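Read through the structure below, which is laid out as structure tokens, and then see the notes.
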Amino acid sequence: MDTTLEIIGYLRSDIKEREKAPKQGSEGGIEATVEINEKYSEALEGLEAGAEILLFTWLHKADRSYQKVHPRGDESRPKRGVFSTRSPDRPNPIGLHPVTITAINGCKIKVRPMEAIDGTPLVDIKIGQRKK
Numbered sequence: 001m002d003t004t005l006e007i008i009g010y011l012r013s014d015i016k017e018r019e020k021a022p023k024q025g026s027e028g029g030i031e032a033t034v035e036i037n038e039k040y041s042e043a044l045e046g047l048e049a050g051a052e053i054l055l056f057t058w059l060h061k062a063d064r065s066y067q068k069v070h071p072r073g074d075e076s077r078p079k080r081g082v083f084s085t086r087s088p089d090r091p092n093p094i095g096l097h098p099v100t101i102t103a104i105n106g107c108k109i110k111v112r113p114m115e116a117i118d119g120t121p122l123v124d125i126k127i128g129q130r131k132k
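In this text, residue positions in the sequence shown follow UniProt numbering: the first is 1, and each later residue adds one.
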């Protein structure tokens, strides 16, 4: 069984520090650029401005030792298991970011609203909910 995780690109964002990142994109996310590795350029075919996509990232600044956290970092709330939260601190810190493509230029995709920090590795892209 192959369990290798392939990094397909990186996020480029004006958010440089984890402490300054919004908790969710809908809570102050900004426009950011996804830079895809050239070897995956064919995989971008079919994506276009206006499309809703899901970005899967590796939250490389996360603490993987946590099993319980205070929800949303609010210490007045009792700790809960990380699997019942959106905390980035978890055994496998995979981020899920629903965004809209605002522009595509080659292997660079502009998206919004993004809350991840600059340099976050990208592991996958999936098309969002298709409208009927």
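Where is the CB? At the ideal position from N, CA and C, for every residue including glycine. All values reported here derive from a predicted model rather than from experimental measurement.
query                                                                                                        : result
CA nearest to the CA of S13, picked from T3, V34, L5                                                         : V34
DSSP-derived helix/strand/coil call for R64                                                                  : coil
First and last residue of the uninterrupted beta strand (DSSP E) at Y10                                      : 9-12
DSSP beta-bridge partners of H97                                                                             : L55
R72 to D124 span [Cα, whole Å]                                                                               : 25 Å
Burial state of R64, where buried means 16 or more other Cβ atoms lie within 10 Å                            : exposed
Other residues of its chain near R90: CB distance less than 6 Å, five sequence neighbours each side excluded : V82
Stretch-stretch touch, CB-based, cutoff 8 Å, three pairs: the segment 35-46 with the segment 87-103          : no
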